[in-house]
Amino acid sequence: MKLHPRLVNLLGILLVLALWQMAGQSLGDALLATPVQAAQALVGTLSEGAFWAALWRMMWQMMIGYLLALGIGVPLGIAMGRMPTVDAVVKPWASMFIVISAAAIVPLFIILMGRGLLFSTAIVFVVTVWYVVIAITEAARSVSPRLINVARSFAASDFQRFRFVILPALHPYVMIAARVGFVHALRAMVTAEMFISAGYGGLLNDAGLDLSTAPLFALIVILMVVSISATTLLRRIADRAAPWYASRTQDR
Numbered sequence: 003m004k005l006h007p008r009l010v011n012l013l014g015i016l017l018v019l020a021l022w023q024m025a026g027q028s029l030g031d032a033l034l035a036t037p038v039q040a041a042q043a044l045v046g047t048l049s050e051g052a053f054w055a056a057l058w059r060m061m062w063q064m065m066i067g068y069l070l071a072l073g074i075g076v077p078l079g080i081a082m083g084r085m086p087t088v089d090a091v092v093k094p095w096a097s098m099f100i101v102i103s104a105a106a107i108v109p110l111f112i113i114l115m116g117r118g119l120l121f122s123t124a125i126v127f128v129v130t131v132w133y134v135v136i137a138i139t140e141a142a143r144s145v146s147p148r149l150i151n152v153a154r155s156f157a158a159s160d161f162q163r164f165r166f167v168i169l170p171a172l173h174p175y176v177m178i179a180a181r182v183g184f185v186h187a188l189r190a191m192v193t194a195e196m197f198i199s200a201g202y203g204g205l206l207n208d209a210g211l212d213l214s215t216a217p218l219f220a221l222i223v224i225l226m227v228v229s230i231s232a233t234t235l236l237r238r239i240a241d242r243a244a245p246w247y248a249s250r251t252q253d254r
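Taking the numbering used here, the leading residue of the sequence shown gets 3, the next gets one more, and so forth.
Here is the structure:
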C-alpha cells in the first residue's frame, strides 16, 4: 500500500517532534527545549510588541536590498547568458563573491558604512545578487536555439526575439531565482543584525543568552515560517502568471 506523499511528510514531522520531545526531556531546556516549551515561548514572543517592531524593521530593510538584487541581477544574468564578452568580464567576480558568506564581509561593511540602513541593504544586496545572476545566466544559456531560429524565420528583430521568445522562456527561472534569492537575503539580513545586536538578529542574540533555549527555538521557527511562506507565495505567483511552465519547475 502506497502512502500519500503528504501523509509521509506529516509522519516524518511527527517522528522528529517525538524524538525531539524525548531528547529535550532528557537534556533539560537549558540545552534543548522540548517542542512544547518552544511552542509556549512562541506564544509569548508573538504577544510582545518589541518582537513585531524587530520583525518589521528586518523585513523592510531586507526587501530594499533584495529588490535591488533582483533588479540588477536579472538583467545582468541575461546579459551574461547571451553575451560571451559580458560573461567573461563578470563571471570571475560572481564566482568569487558567491562563495563568501555574509559573516565574512559584515565587519568590513560596518567599518565602511556604519550600522544604519545603508549597511543592512548593502549586505543583503551583495550576498543575494550573485545567486540571482548565476541562476539567470544558466537559464539564459539554455533557451532553445530552435525557438530563436523560428523567430528569425519570421524576420523578427533582435528586440522582438528578446521580448517574445527569450523573456517568456526565462520567466519560470526568474521566479526560481527570486525564491532562492529571498532565502539568502533573509539569512544575510539576520547575520548582519546579529553582528550589530539590532532588530531581529538582536533578539536572537539575546535569546541565545537566556537560561532556556525555548525563546531561541521560537525565533528560529518564526524565521522558518517567514521563509517558507514567502517562497510558497512566489511559487504560486509564478504558476499563475505562466501556468504553461509549471511542469518544468514542479520539482525545484
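Ideal Cβ positions, reconstructed from N, Cα and C, are used throughout, including at glycine.
Check, Outcome
"Cα-Cα separation between V91 and L13, rounded to whole angstroms", "49 Å"
"Contact the region 213 to 228 vs the region 33 to 45: 3+ CB pairs below 8 Å", "yes"
"Chain-order list of residues whose beta-carbon lies under 6 Å from that of L70 (same chain, five-residue window excluded)", "F127"
"Under 8 Å between C-beta atoms of A142 and R84", "yes"
"Unbroken alpha helix (DSSP H) run spanning M85, endpoints", "Note, M85: premise wrong, no alpha helix (DSSP H); not H, not E."
"Cβ neighbours of V10 in the same chain (closer than 8 Å, five flanking residues each side left out)", "none"
"I178 CB to nearest heavy atom of the ligand NAD below 7 Å", "Although the ligand NAD was asked about, the structure shown includes no ligands whatsoever."
"Which listed residue (V185, I239, P147 and I136) has its alpha carbon closest to that of S97", "I136"
"At least three beta-carbon pairs within less than 8 Å, the region 47 to 61 to the region 100 to 108", "no"
"Alpha carbon of W22 to alpha carbon of A32, nearest angstrom", "14 Å"
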